[in-house]
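S.K.: Mind having a look at this structure? Questions to follow.
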Amino acid sequence: MVPEGDEKKAKKDINKNSTERWELVLRYLAMPLDQNLSNISTTTRQLCDAAGFTASSDGSPELTLSGFQFLLLSPVQQMWTCVIEYLKLEKARERKVVAVLDSHSFMC
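For the sequence shown, position 80 (counting from the first letter as 1) is numbered 80 according to the working numbering, and the numbering increases by one without interruption.
Given below as structure tokens:
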């Protein structure tokens, strides 16, 4: 059994880390510059392209109208949208959605 103080610290660390990672994704969408590009995974970039949040005209990603509308959603709506779009991406890759959910290997 984990001591209560350690459990609280672990939850706080997880929350802080997840918030920081999500902010990196949002920063990438808002300003898909080279410096922000290196902060997120290839899968997340592919997800943003597949969902229509970004588009590349000259090889560098740009925010689309859909991406802008995504940024205006509440954080809960953003997360659910991201999960749904990720599952669509995995299905397009011919992976079974149940296996994806079971693997706990979500993007970001």
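For each residue, glycine too, the CB sits at the ideal point set by N, CA and C.
Note the first and the last residue of the continuous alpha helix (DSSP H) segment covering LEU87.
M.R.: Run containing LEU87: 75-92, per the alpha helix (DSSP H) assignment.
S.K.: Measuring straight from C-alpha to C-alpha, what distance separates CYS108 and TRP22?
M.R.: Low confidence applies here, because CYS108 scores a pLDDT of 47, under 50, leaving its location unreliable and the question unanswered by this model.
S.K.: Determine the direct distance from the alpha carbon of LEU26 to that of LEU65, and round the result to whole angstroms.
M.R.: Taking the straight line joining both Cα atoms gives about 14 Å.
S.K.: Leaving aside the five residues before and after THR54 along the sequence, list all residues of the same chain whose C-beta is less than 8 Å from its C-beta, in chain order.
M.R.: Answer for THR54: LEU29, PRO32, ARG45, CYS48, PRO61, GLU62, LEU63, THR64 and GLY67, listed in chain order.
S.K.: Can you tell me which of LEU24, VAL83 and ALA51 puts its alpha carbon nearest to the alpha carbon of SER41?
M.R.: Ranking the options by Cα distance to SER41, first place goes to LEU24.
S.K.: Straight-line CA distance for LYS9 to ASP58?
M.R.: Near 45 Å, if we compare the C-alpha coordinates of ASP58 and LYS9.
S.K.: Exposed or buried, what is GLU7 when buried is set at 16 or more other beta-carbons lying within 10 Å of its beta-carbon?
M.R.: Exposed.
S.K.: With a threshold of 16 other CB atoms inside 10 Å of the CB of GLU94, please say whether the residue is buried or exposed.
M.R.: Looking at its Cβ environment, which holds fewer than 16 other Cβ atoms inside 10 Å, GLU94 is exposed.
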